[in-house]
Structure formats: C-alpha cells, structure tokens
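J.: If you scroll down you'll find the structure; I have some questions about it.
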Amino acid sequence: MDKTIALKDGLIINGTGNPGFYGSVLIKDNKISIIRQSSDSIQADIEIDCTGKVISPGFIDLHSHTGLTIFGEPKHEPKVFQGVTTELIGIDGISPVPFKNKSELERYIWLDSGLNDYPPESPDWLKTIEYLNKVDNKVAVNIACIIGNSPLRIWGVGWNDKPASKKQIGNMKSVLRECMEEGAWGLSTGLDYPPGAYASTDELIELCKEAAKLGGFYHTHTRALLSTKNNVLAPWEEAIDIGKGSGIPVHLTHYRQNPGKGTYQDYLGLVENARENGMDVTFDCYTYPYSGTTLTIILPNWSKDGGPEALIKNLSSKDTRDRMAKEMNPSGYPTHWLTNFKKPHNKKYEGLSVNEIAAIKNQEPSDTIFDLLIDENLGISHVGFGTNPHTLPEFVKHPAGMIASDSILFGDYPSPRTYGNFTKVISEFSRDDKFLTLPDAIRKMSSFPAQRLGLHSKGSLIDGYDADVIVFDLPKVHAPATKANPRQLAEGIEQVIVNGQLVIKDSEHTGNLPGKAVRRGRDS
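Residues are numbered in the numbering used here as their position in the sequence shown, beginning at 1, plus a constant of 943.
Below, the structure written as structure tokens:
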C-alpha cells in the first residue's frame, strides 16, 4: 500500500478557475481529500509543510511527442519538473499504433524519426492495448493515447498518395473503433505529414464519425498547403468543416498566428464563430515563439509517396533533388537550427542553422539538407521562429484555449518549450505580466485539458479525485530554458505527486515511476 501524504497549510488552487483557499490535502490510496480545518490533527506517513506555497492539480499536456522516447528516459525529467503528470501521445496523426506487423511499424518510426525519434529497443507492440500495457508503473507520468490517421491509412490504403476507396475507409473505421475500445481517445491528424497528409476531407469526416460514436474528439495539426495569400485560415476552416460534417468535437493544436499571416483576431474569430454556432471547438498553444519538428516536413509531400525508402531514393536522385529544391519554401528553413545528429562526424552541426552548416560545407542550403538527411537516415529535427510573439498572449489567455507543449524530447538543441512551456505560463504570463490570473492559468493546464480529453477524476483538486498533485513556490517558479541553452530544467515546482506517489520531492527526482496508461472507457 502506498504511503499516505499530507500537504499541509497551502494555498489550494483547485484547477476550476475559482480563487484559491487555504487548507491541506490528504492523499491516501491514490485519492485526495481536501481538509479545511486546522492541520494539527492530520497524520500521515509523509507530512509536507506547504505554508507560503501553492497546491494545485498536476498539469495535463495534450500535445507530447514522448510516446517512444519515454521508454528510454522513464524519469521524464523535462516534463515532471514543470509539474506535468499526464500526457497525450499519438498527436499530429502520428501514433505508435495500430500496425499489422512489426515491419510496417518500424518503417513508420523511421519515416518520422525526426519528430518522435526511436524507442530504446525494438518495438514489441502492434495493438493499442499492447502499447498501453507497457506503460503501467514503468514511467513517471500518466500516458493517454490518441490514434493518428497515418497508421490507419497505412493499414487501410498503404503508403501511397491515392484516394481511399469506400471499402478501405470502412476498414479504417473498424480499426479505429477497435483502438478506441482498447482505450484510445479519438482521432488525430498531422496533415503536413505523409501518408496521413494524403487523406481527403471526406475521408477524415468518415473517420471522425466513427470516433464521435464512442465519445472521442478530433485533435488536428491542420493542412498548411491549403493556406493562401487570400485565405490564410483555409487549413483551420477545413478542420471546422470536418467537425460540422461528422459532429465530432474539434481541437486545433499548436494554434497561433504565424508571423506575417493574417491577424490574431482572424484566428481567434474562427474559433469564436464556430462556438457561437453551436460547435465544440477548442485549441491549445505553446508559450514560446519557436517551432520544432522533423526536417523532412519542408520536403514536398510527393517525395514521401511510397514511404521512407522512396524518400531516401528521391533524396539521392539529382532530378528529384532539383525539383524538391524548387518547391521548398526558401524564406524560412535556411535560418532554422538543426538537432538530433547521431553520427559522430555530424555532431559539430548541433544547434547551427542550415545556412551556417551550408557555409561550412560550401554548399547550397538545399544540398546540405538533402545530404544530411541521407547521412542521418532522416532523423533530424529543426527548430525555428514560427510564432508571432507579440500576439501570443492573446492565444494564451483566450477562454477557449489551453496550454500544451508540443514537446520533442531529444537532440542537444530542442525548442526550449520542451523544458519550460508550463512553468512559463505561471512565471511570465500570469505572475509577472498578468495576462491571466493564476487560477485561470492553472485551469488551462489542468481541468480544461481534462475536460477536453474526457477524464472524470483528474485535473482538479476535489474530494475523491486521483492524487496527481503539485506544490510550487510561486516567486521561485522559473523557466531558464533558452534557444542557446534549451536543456535546462524548470525551477520552483517543489513537489510532484503522480498516482499518490512522490516523483519530485523537495525539488529532487525520487526515481519513482508510478505513471499509468489512462484508458478511454475505464478512465472516462
């Protein structure tokens, strides 16, 4: 039996958005009790004085790329030191399940290794239930899984850019239903990442109809290719159309104003109009101006038609290299910095921009990219300036928005949001700049994402809820991660409790791994 824990005499901000109150939290058998009277009579195996500290629910990250890497780094320090206790994986249409065979799974991990890297050992799962069973009591945080449309498309259609037949869509719907019955929470898309990018709007509407039947939601990285000078909102309008056509709740992920594209009122107005018309539309945003994803995203979709082998072949052909170079957007990627080099002779390029590396190699930037992707077997990440920092607070504070990290947990120079996304909300957006109150900041990282996901016993400090709790010293909360030095742990989160066990105690990691799979049906 777990030890009882008493968090005594702190300011309890319970995650609902309501103002805090002073009291104590008693944790027993992974459930919490709120105690408002004197703490003198409270007895527990572990008693922690929280005078002058804030007690709040653990944070829930609805956009994490930890589904593979967490098995190699189960202590999950970059996130638990920010107070994260539950994460959703499988986003951007890229989930670790389902697959027909191990070969297809390994090929898919290879294709998207610049975004999700590799597990420490060869994967030994194919089904959702098999993946979720690997999580329990083996990682530091709770893991929920959503199903990406790319694995569904590989299952039903294959790796090629071709329309799905009615029979193939029916097959994908059946597979999605089985995944959700095994505990997945809905459908995700990453419509800039093939083969999921090859799906039509109608195909996605049909899949979403199936997810909606089981109470799931649609979590989408939208289709950037739809954006035009005259309609920068077209990718998100497609997402709204999918919601209208299927009846599913829609969640727009890493939603923000791209520099020079529209106004923040345009983006937020789209969400507000949809909600006023009766739709359930929400979004999340991260708190840094830096993007971060696989380097292969800048290559045209046709270059990946057929899977990773086809991409390597196209990267190796002069004719296709010339065509790719003409079709890549020259305005952004040359200044982006690269990370996740595995070959020793390439480590010197960690954190350098494409232009800087091209100058060292005396090459055109496009040739530098093509050669490095071949040499590193596609597994390179790039980080760049991708958000208007001046309008970012408008997204952070909007009532329909919540906070998510889009965290990529590998490479020497990841986006600093991986290490500071949540603490930055507390320290800068709330405490220092006062864009939103502390109770509302916590709501956006706890009860609101729990509501979006469909959790019924997490995200709030309410009697009988699960014991995912954090304690922080508000004046000391700080996110030291920077572009130049991104791998710096957050400060000020002193206690982190996951499923009734201390993962962080007095600002030190205990080594405990009490995380569990959070399953739809059982936990909803």
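Where a beta carbon is used, it is the ideal one built from N, C-alpha and C, also for glycine.
Since the structure is predicted, the reported quantities are computational estimates derived from the model, not experimental observations.
Run through DSSP, which three-state label would Lys1286 get?
T.: In the structure shown, Lys1286 sits in coil (DSSP, three-state: anything other than H, G, I, E or B).
J.: Specify the secondary structure class of Ile1312 as computed by DSSP and reduced to three states.
T.: If DSSP states are grouped into helix, strand and coil, Ile1312 belongs with the helices.
J.: Taking its Cβ as the centre, do 16 or more other Cβ atoms sit within 10 Å of Asp1265, making it buried, or is it exposed?
T.: By the neighbour-count rule (16 or more Cβ atoms within 10 Å), Asp1265 is not buried but exposed.
J.: For Ala1301, collect the residues of the same chain with a Cβ closer than 6 Å to its Cβ; drop the 5 residues on either side in sequence, then sort them by chain order.
T.: If we look at Ala1301 and ignore the five residues flanking it on each side, its Cβ neighbours are Pro1308 and Thr1311.
J.: Alpha carbon to alpha carbon, how far is Lys1152 from Phe1313?
T.: Cα to Cα, the separation comes out at about 40 Å.
J.: Below 6 Å CB to CB, which residues in the same chain sit around Pro1392 once its five sequence neighbours on both sides are set aside?
T.: Ile1003, Leu1005 and Met1345, listed in sequence order.
J.: When you compare the CB positions of Thr1278 and Gly1294, do they come within less than 8 Å of one another, or not?
T.: Not a contact, by the Cβ cut-off of 8 Å.
J.: For Lys1045, tell me which candidate among Leu950, Asp1067, Asn1331 and Ala987 has the shortest Cα-Cα distance.
T.: Measuring from the Cα of Lys1045, the nearest candidate turns out to be Asp1067.
J.: Quick check: the Cα distance between Leu1075 and Lys1261, rounded to an integer number of angstroms?
T.: Their backbone Cα atoms lie some 44 Å apart in a straight line.
J.: Between the segment 1414-1421 and the segment 1050-1066, do at least 3 Cβ pairs fall closer than 8 Å?
T.: Flag = no, the segment 1414-1421 and the segment 1050-1066 do not touch.
J.: Under 8 Å by Cβ, that's how I've got Trp1280 and Tyr1356 pegged, so tell me the actual separation to the nearest angstrom.
T.: With 8 Å as the limit, Trp1280 and Tyr1356 qualify as a contact, their Cβ atoms being about 6 Å apart.
J.: Please go through the segment 1133-1207 and give each complete alpha helix (DSSP H) segment of 4 or more residues, from N-terminal end onward.
T.: Here the runs fully enclosed are 1144-1156 and 1177-1189.
J.: If I measure Cβ to Cβ from Arg1462 and keep anything under 7 Å in the same chain, skipping five residues before and after, which residues do I get?
T.: For Arg1462, where only same-chain residues beyond five positions count, the Cβ hits under 7 Å are Leu1075 and Gly1126.
J.: Is Thr1208 buried or exposed, if buried means 16 or more other CB atoms sit within 10 Å of its CB?
T.: Looking at the sequence shown, residue 1208 is not Thr but Gln. Burial call: exposed.
J.: Note down the Cα distance separating Val1100 from Gly1139, rounded to an integer number of angstroms.
T.: Val1100 and Gly1139: Cα-Cα distance of roughly 10 Å.
J.: Can you say whether Pro1287 is buried or exposed, counting buried as having 16 or more other CB atoms within 10 angstroms of its CB?
T.: Burial call: exposed.
J.: Around the Cβ of Gln1444, are there at least 16 other Cβ atoms within 10 angstroms (buried) or fewer (exposed)?
T.: That one is buried.
J.: Using 10 angstroms around the beta-carbon of Ala1427, count the other beta-carbons present and answer buried if the total reaches 16, otherwise exposed.
T.: Classification for Ala1427: exposed.
J.: Looking only at its own chain, which residues have a Cβ that is under 8 Å from the Cβ of Ile975, when we skip the five neighbours before and after it?
T.: Taken in chain order, the residues that qualify are Val968, Leu969, Leu1404, Ile1405, Asp1406, Gly1407, Tyr1408, Asp1409, Ala1410 and Val1412.
J.: For Pro1106, count the other beta carbons within 10 Å of its own beta carbon; 16 or more makes it buried, fewer makes it exposed. Which is it?
T.: Result: exposed.
J.: At which residue ranges does the segment 1350-1391 contain complete alpha helix (DSSP H) runs of 4 or more residues, listed in the order of the chain?
T.: DSSP runs (the alpha helix (DSSP H)) wholly in the segment 1350-1391: 1360-1367 and 1381-1386.
J.: Considering only the alpha carbon of each residue, which of Lys1256, Ala1268 and Arg1218 lies closest to Leu1242?
T.: Selected option, being the one with the closest Cα: Ala1268.
J.: Contact check, Val1196 vs Thr1236 under 8 Å by CB: the rounded distance?
T.: Residue identity differs from the one stated: residue 1196 is Thr in this sequence, not Val. Actually they are not in contact, since the Cβ atoms of Thr1196 and Thr1236 sit about 12 Å apart, beyond 8 Å.
J.: Indicate the three-state DSSP secondary structure (helix, strand or coil) for Ser982 in the structure shown.
T.: If DSSP states are grouped into helix, strand and coil, Ser982 belongs with the helices.
J.: Jot down the residue ranges of each uninterrupted beta strand (DSSP E) in the segment 1384-1428, minimum 3 residues, whole runs only, in chain order.
T.: Listed in chain order, the complete beta strand (DSSP E) runs (minimum 3 residues) inside the segment 1384-1428 are 1412-1415.
J.: With 16 as the cutoff for other CB atoms within 10 Å, does Pro1041 come out buried or exposed?
T.: Answer is buried; the Cβ neighbour count reaches 16.
J.: Can you tell me whether DSSP reads Met1123 as helix, strand or coil?
T.: DSSP places Met1123 in helix when its eight states are reduced to three.
J.: Under 6 Å Cβ to Cβ from Cys1122, same chain only, skipping five residues before and after it: list those, please.
T.: Result list for Cys1122: Pro1041, Thr1071 and Ile1090, in chain order.
J.: Under 8 Å: do the segment 1325-1342 and the segment 1354-1370 share three or more Cβ pairs, one atom per stretch?
T.: Contact between the segment 1325-1342 and the segment 1354-1370 is present, because at least three Cβ pairs lie under 8 Å.
J.: Based on the DSSP secondary-structure assignment, which residues constitute the bridge partners of Thr1237?
T.: Its beta-bridge partners are Ser1324.
J.: For a test of the three-state rule: what should DSSP assign to Asn1216, helix, strand or coil?
T.: Reduced to three states, the DSSP call for Asn1216 is helix.
J.: By a C-beta neighbour count over all protein chains shown, 10 Å radius and 16 as the cutoff for buried, is Ile1436 buried or exposed?
T.: Classification for Ile1436: buried.
J.: Report the residue ranges of all beta strand (DSSP E) runs contained in full by the segment 1002-1078; include only those spanning at least 3 residues, in chain order.
T.: Whole beta strand (DSSP E) segments, 3+ residues: 1002-1004 and 1027-1032.
J.: If you compare alpha carbons, which of Val1084, Lys1340, Gly1203 and Pro1192 is closest to Asn1442?
T.: Looking at the Cα atoms, Val1084 is the closest of the given residues.
J.: Out of Ser1467, Ala1460 and Gln1438, point me to the one whose CA is closest to Ile943's CA.
T.: For the chain, the structure presents residues 944 to 1467; residue 943 sits outside this window and is missing.
J.: Who are the near neighbours of Ser1373 in its chain, counting only those whose CB is closer than 6 Å to its CB and skipping five residues on each side?
T.: Excluding residues within five positions, the ones whose Cβ falls inside 6 Å are Leu1379, Leu1381 and Ala1384.
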